[in-house]
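Q:
Protein chains: 2
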Amino acid sequence: MDPKLASLKFDANGLIPAIVQDSSSGEVLMMAWMNREALEKTLQTGKTHFFSRSRNKLWLKGETSGHVQHVKSLSVDCDADVLLVKVAQVGAACHEGYYSCFFRQFQPGEQWKITGRKVFEPERVYGG
Amino acid sequence: MDPKLASLKFDANGLIPAIVQDSSSGEVLMMAWMNREALEKTLQTGKTHFFSRSRNKLWLKGETSGHVQHVKSLSVDCDADVLLVKVAQVGAACHEGYYSCFFRQFQPGEQWKITGRKVFEPERVYGG
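Read top to bottom, the protein sequences are chains U and L.
If you're matching positions, the first sequence starts at 1 in this note's numbering and goes up one per residue.
If you're matching positions, the second sequence starts at 129 in this note's numbering and goes up one per residue.
#1: To be precise: take each residue of the segment 157-185 of chain L, compare its Cβ to all Cβ atoms of chain U, and keep it if any distance is under 7 Å. Which residues remain?
#2: Rounded to whole angstroms, what's the CA-CA distance from L/M162 to U/D79? Just pull it up for me.
#3: L/F230 versus chain A: which residues are under 9 Å apart at the beta carbon?
#4: In whole angstroms, what is the alpha-carbon distance linking U/L83 and U/L5?
#5: Taking all protein chains shown into account, decide if L/R252 is buried (16 or more other Cβ within 10 angstroms of its Cβ) or exposed.
#6: Mind checking if U/Q69 is an interface residue toward chain L, Cβ cutoff 9 Å exclusive?
#7: Tell me, please, whether the CB atom of L/Q217 is closer than 9 Å to any CB atom in chain U?
#8: Between which two residues does the alpha helix (DSSP H) harbouring U/L39 extend?
#9: What's the C-alpha gap between U/S23 and U/K41?
#10: Does the segment 220-239 of chain L touch the segment 47-63 of chain U, meaning 3 or more C-beta pairs lie closer than 8 Å?
#11: What do you get for L/I147, buried or exposed, if any count of 16 or more other CB atoms within 10 angstroms of its CB means buried?
#12: U/Q69 to L/G255, Cα distance in whole Å?
#13: Would a C-beta distance cut-off of 9 Å place U/L29 and U/I16 closer than the cut-off?
#14: Could you tell me whether the Cβ of L/E191 comes closer than 9 Å to any Cβ of chain U?
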């Protein structure tokens, strides 16, 4: 691994949060977790890889849907414990079919309001 | 607490990551953690509050520096376990004086490259 990356602070489980942002629109697409291997694979391949805590395994974002994310830049915060990855998103980031996973907005006294734009029908991509 | 917020998934420590984004420029400013109380205070006051894991206490962002964040919107991701808070930032988000905490970018074969813009000198704001 690149020696600069040795200074990153992974948590007790060996993970670091990675915020994924659309490099052209600036839209925040998702947040997921990387371990060292996911970060290495991301840098080696230029496509985001994460570590799934629920499935306990490495995953290539888009491995099922084809909705991969091409990495444009990788930044780190002042405490070296959060990553910001700017990407070109193929298709959409969210498995629910929205371009961004943050498609619901809080509004006092109402339901969560859908503010995101839907790009695909999940059952057509993942089967259903 | 607003009943909609009961569906949020706080982790085993009662915390949820909150990504803070500049509502006008789209710049990602920081990521910090909220517990239920921090989220309630954020919604009540319209200024971001977080829970500090190192100091084990609630804090108002900007309580020392005056660099508060006025909340413009609050969104949640598909898994209901990450928040996205859009804000109007007073001053700068980073205690190191940069507008965003993500002021260092990875470049292969070089040092971390400073890509963020410095807004203030920390020793003038926090003493030194």
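We put the beta carbon where it would ideally sit given N, CA and C, even for glycine.
A: Considering the structure as presented:
#1: M158, M159
#2: 17 Å
#3: Reference to chain A is not applicable here, since the protein chains of this structure are U and L.
#4: 11 Å
#5: exposed
#6: no
#7: no
#8: 36-45
#9: 20 Å
#10: no
#11: buried
#12: 43 Å
#13: no
#14: no
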